[in-house]
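Asker:
In this note's numbering, the protein residues as written are 58 to 617.
See the structure below:
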């Protein structure tokens with residue numbers, strides 16, 4: 058029996074090809090689950106091609122390093138057939154297990170078929186070997202090589218379907234690669250060589266070393282290009298998804314300050330997809346007041362490795378952006394690159410400011426409501442107490458108290474229509490004097506919007522004056538009448554409202570000697586609460602009353 062040997066260089070090359078091919082196939086197969094339709098089929102075919110070609114290349118390179126002790130050559134057709142077997146069996150298995158519903162038993166079945174195909178590929182490749190030797194095989198080792206091929210193939214299919222970290226993928230690739238190489242050299246160990254004397258061998262082709270290095274180099278280049286295509290496709294998909302979500306992507310070289318920014322990122326900065334944007338130009342598009350803070354936060358993120366997250370307004374626009382990023386560096390290397398996203402947060406920021414303003418207005422409204430309710434309750438309490446003092450019976454108290462509460466309610470209604478900011482003077486007078494004959498009442502003056510505090514006080518004043526007029530004054534006699542005129546006088550301190558209340562047709566024998574609750578309420582409301590003046594005169598034909606009330610400046614009109 059003839060002795061044979063294997064060159065170390067070819068063994069190393071075959072291991073490198075097998076491991077690299079396993080890594081590439083696992084990585085490409087992961088792209089299958091990330092795609093649908095035609096792209097999914099393309100990545101399936103690419104993964105199968107990478108795995109099958111790497112197995113065949115490993116086998117062929119290892120065969121080139123095989124020295125049977127005699128010159129050798131290879132049958133081209135059988136060599137090509139072995140390549141087709143490697144790719145075909147791998148492709149069939151990969152396509153079979155790519156389904157999301159495939160079961161473990163089916164994966165084992167596909168692994169068995171793939172292993173048998175790879176093992177067949179090996180022995181077809183051996184049959185392509187032309188030498189002055191006859192070949193025989195140890196059946197036990199042949200069966201062992203088949204078992205190794207089936208086990209490695211099944212493990213490859215299970216590994217391809219799992220999500221894993223880069224470290225676990227590298228470990229899986231090394232194990233699978235070594236298993237494939239182990240299968241080959243186990244099969245080679247099964248080979249029994251017998252020298253055939255005077256058997257001619259036609260030598261052709263390049264020297265084995267040059268051919269092995271050439272095939273290994275070509276295989277590595279193909280696998281490298283396949284991985285680059287996978288990374289480029291993955292990057293394109295990510296950028297497309299970010300763009301669809303209105304998110305821009307950016308990368309910054311921290312040494313050269315070269316900036317890459319996606320088309321969506323450029324659009325956020327107001328540029329077209331084909332416009333260039335350098336790092337220095339990007340800084341000029343940030344509002345000047347925000348540049349120093351942005352630089353400070355970026356320097357902090359680079360120095361500490363913490364996330365970079367900052368919002369700033371763009372110059373010469375009303376737009377706001379949110380830039381986020383992170384230093385991309387290995388554990389033992391200095392930071393050289395930063396990657397991140399940029400978002401247009403103008404709408405979100407405006408919504409937040411609007412919400413903040415709404416909450417502030419709500420708090421003010423609650424405080425104002427609380428204040429108004431307390432004031433109203435105090436007024437009602439005072440009305441109740443003073444009305445009770447003057448009432449001679451429960452019925453009189455009920456009638457007087459109810460009338461004053463209704464007057465207060467009418468003022469509240471007028472204020473409600475003005476959003477509790479203002480109330481119409483004419484509307485208040487119309488509501489108070491509506492029960493009386495229109496022929497007895499005359500109103501003249503341009504309408505005035507009274508601040509809330511003035512409306513509440515004057516509403517009670519009008520009610521007391523109208524009640525007195527109905528009982529004792531111009532509205533108590535059939536021929537009597539009431540004339541109310543008003544106007545604004547502008548002064549340096551602000552406008553002053555003058556109201557002239559004139560009653561006719563009911564002479565008053567003598568001015569009242571005392572002051573009841575109504576009279577005190579009128580004077581207190583005008584002079585103390587509103588800081589105005591009240592002038593009263595009792596003419597032979599009726600009461601004359603002049604009221605002066607400062608309305609204050611426009612900014613103070615609603616103050617309490």
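Backbone N, C-alpha and C define an ideal beta-carbon position, used for all residues, glycine too.
#1: Look up residue 540 in the DSSP assignment and say whether it is helix, strand or coil.
#2: Out of curiosity, what's the CA-to-CA distance linking residue 601 and residue 491?
#3: With distances taken Cα to Cα, identify the nearest neighbour of residue 552 among 459, 286, 97 and 506.
#4: When you compare the CB positions of residue 139 and residue 276, do they come within less than 8 Å of one another, or not?
#5: Which one of 588, 504 and 479 has the shortest CA to CA distance from residue 550?
#6: Take every Cβ of the stretch 147-165, pair it with every Cβ of the stretch 176-190, and state whether three or more of those distances are shorter than 8 Å.
#7: Report yes or no: do the stretch 448-459 and the stretch 475-489 share at least 3 C-beta pairs separated by less than 8 Å?
#8: Take residue 219 as the anchor and find which of 358, 284, 499 and 85 has the nearest alpha-carbon.
#9: Please state the DSSP three-state secondary structure of residue 157.
#10: Hey, would you say residue 401 sits closer than 8 Å to residue 279, going by beta carbons?
#11: What does a CB cutoff of less than 6 Å around residue 262 pick up in its chain, not counting 5 residues either side in sequence?
#12: Have a look at 362, 363 and 406 and flag the residue whose alpha-carbon is nearest the alpha-carbon of residue 375.
#13: Between residue 533 and residue 563, how many whole angstroms is the CB-CB distance? I'm expecting something under 8 Å.
#14: Considering only the beta carbon of each residue, do residue 194 and residue 249 sit closer than 8 Å?
#15: Would residue 103 be called buried (16 or more neighbouring beta carbons within 10 Å of its own) or exposed?
#16: Going by beta carbon distance, what residues of the same chain come within less than 8 Å of residue 181, once the five residues before and after it are set aside?
#17: Per DSSP, what kind of secondary structure is residue 130 in: helix, strand or coil?
#18: How many angstroms separate the CA atom of residue 362 from the CA atom of residue 383?
#19: From residue 495 to residue 421, what distance separates their C-alpha atoms?
#20: Find out if the Cβ-Cβ distance for the pair residue 502, residue 467 is shorter than 8 Å.
#21: Rounded C-beta distance between residue 319 and residue 331? I'm assuming under 8 Å.
#22: Are residue 83 and residue 291 close, meaning C-beta to C-beta below 8 Å?
#23: Apart from the five residues just before and just after residue 445, which ones in its own chain have a Cβ nearer than 7 Å to its Cβ?
#24: Tell me, which residues are paired with residue 370 by DSSP?
#25: Since residue 607 is in the beta strand (DSSP E), which residue starts that stretch and which ends it?
#26: Kindly provide the ranges of any alpha helix (DSSP H) runs that are 4 or more residues long and lie completely inside the stretch 193-226, ordered along the chain.
#27: At the level of alpha carbons, what is the spacing between residue 64 and residue 239?
#28: Please report the straight-line C-alpha distance between residue 378 and residue 385, rounded to a whole angstrom.
#29: If residue 348 and residue 340 are in contact, beta carbons under 8 Å, what's the gap, nearest whole angstrom?
#30: Rank 146, 559, 79 and 393 by C-alpha distance to the C-alpha of residue 308 and give the top, closest one.
#31: Short of 6 Å in beta carbon distance, which residues of its chain neighbour residue 178, apart from the five on each side in sequence? Order them along the chain.
#32: Please identify the residue among 70, 108 and 364 whose C-alpha is closest to the C-alpha of residue 81.
#33: What three-state label does DSSP hand residue 182 in the structure shown?
#34: If you run the structure through DSSP and keep just helix, strand and coil, what is residue 317?
#35: Look up residue 249 in the DSSP assignment and give the residues it is bridged to.
#36: Let me know if residue 175 comes out buried or exposed under the rule of 16 or more other beta-carbons within 10 Å of its beta-carbon.
Answerer: Result, derived from the coordinates:
#1: The answer is strand: DSSP assigns residue 540 an E or B state.
#2: If you take the alpha carbons of residue 601 and residue 491, they lie about 21 Å apart.
#3: Nearest in C-alpha terms to residue 552, of all of 459, 286, 97 and 506, is 506.
#4: Cβ atoms of residue 139 and residue 276: not closer than 8 Å.
#5: Looking at the Cα atoms, 588 is the closest of the given residues.
#6: Contact between the stretch 147-165 and the stretch 176-190 is absent, with fewer than three C-beta pairs closer than 8 Å.
#7: Judged by Cβ distances under 8 Å, the stretch 448-459 makes no contact with the stretch 475-489, as fewer than three pairs qualify.
#8: Closest in alpha carbon position to residue 219, among 358, 284, 499 and 85, is 85.
#9: Here residue 157 sits in coil by DSSP.
#10: No, they are not a contact pair.
#11: Confidence in residue 262 is poor, its pLDDT being 48 and thus under 50, which makes the residue's placement unreliable; the coordinate value appears in the next sentence. The beta carbon of residue 262 lies closer than 6 Å to none in the same chain, with the five residues before and after it left out.
#12: Selected option, being the one with the closest Cα: 406.
#13: A Cβ-Cβ separation of about 6 Å places residue 533 in contact with residue 563 under the 8 Å criterion.
#14: A Cβ-Cβ contact shorter than 8 Å links residue 194 with residue 249.
#15: Under this definition residue 103 is a buried residue.
#16: Excluding positions up to five away in sequence, the list reads 135, 138, 139 and 142.
#17: The three-state reading of DSSP puts residue 130 in strand, counting E and B together.
#18: Rounded to the nearest angstrom, the two C-alpha atoms are 7 Å apart.
#19: The straight-line gap from Cα to Cα measures roughly 41 Å.
#20: For residue 502 and residue 467, no; Cβs fall outside 8 Å.
#21: In fact, because the Cβ distance is near 13 Å, the residues do not count as touching under 8 Å.
#22: Not closer than 8 Å, so no.
#23: The beta carbon of residue 445 sits closer than 7 Å to those of 454, all from its chain and outside the five residues before and after it, given in chain order.
#24: Beta-bridge pairing by DSSP links residue 370 to 377.
#25: 599-607 is the span of the beta strand (DSSP E), which, as asked, contains residue 607.
#26: Within the stretch 193-226, the complete alpha helix (DSSP H) runs of at least 4 residues are 196-217.
#27: Rounded to whole angstroms, residue 64 to residue 239 spans 16 Å at the Cα level.
#28: Using only the alpha carbons, I get a separation of about 22 Å.
#29: Confirmed, about 6 Å.
#30: Cα-wise, what sits closest to residue 308 is 393.
#31: Listed in chain order, the non-local C-beta contacts of residue 178 below 6 Å within the same chain comprise 139, 142 and 143, local neighbours out to five positions each way being set aside.
#32: Each of 70, 108 and 364 was checked against the Cα of residue 81, and the nearest Cα belongs to 108.
#33: In the three-state reduction of the DSSP assignment, residue 182 falls in the helix class.
#34: If DSSP states are grouped into helix, strand and coil, residue 317 belongs with the strands.
#35: Beta-bridge pairing links residue 249 to 193.
#36: Residue 175 counts as buried, since no fewer than 16 other beta carbons sit within 10 angstroms of its beta carbon.
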